[in-house]
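Have a look at the structure below before the remarks.
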Amino acid sequence: MSQQDPSARPQGERPKGDPWHAFGYIVSGVAFYGVLGWLVDRWLGTGFVVAIGILIGAALGIYLTFSRFNRALPPDQPHDQKK
């Protein structure tokens, strides 16, 4: 079994759209910030920070998904053309 180095990808090639990466970003964001919100709730004696943490985690997971898979490709320029 060989692992491919992600940095060995040709220049300008977009990352492949693996749905498990998107799922992982969103679920891990919700889990991480939900747990942080729960800890803050326990510390402050409140009950609403966990919901805010879950929403922030979902938003950051969606943002990471879009930023990873929606990168604009640089325009193609011939190698011998100088600026």
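Residues in the sequence shown are numbered consecutively from 1, following UniProt numbering. Cβ atoms here follow ideal geometry from the backbone N, Cα and C, with glycine treated the same way. Just so you know, these numbers come straight off a predicted model, no measurement behind them.
I52 and G37 closer than 8 angstroms at C-beta
yes
Could you pull the start and end residues of the alpha helix (DSSP H) that D18 belongs to?
Neither: D18 is in no alpha helix (DSSP H) and is coded neither H nor E.
Once the 5 residues before and after P33 are set aside, which same chain residues still bring their CB inside 6 angstroms of it?
The residue asked about is misnamed: residue 33 is Tyr in this sequence, not Pro. Closer than 6 angstroms at the Cβ level, and outside the excluded window around Y33, lie G53, I56 and G57.
I'd like the list of long-range same chain contacts for T65, defined as Cβ closer than 6 angstroms, with 5 residues on each side in sequence excluded.
A22 and Y25
Would you identify the three-state DSSP class for G47, choosing helix, strand or coil?
coil
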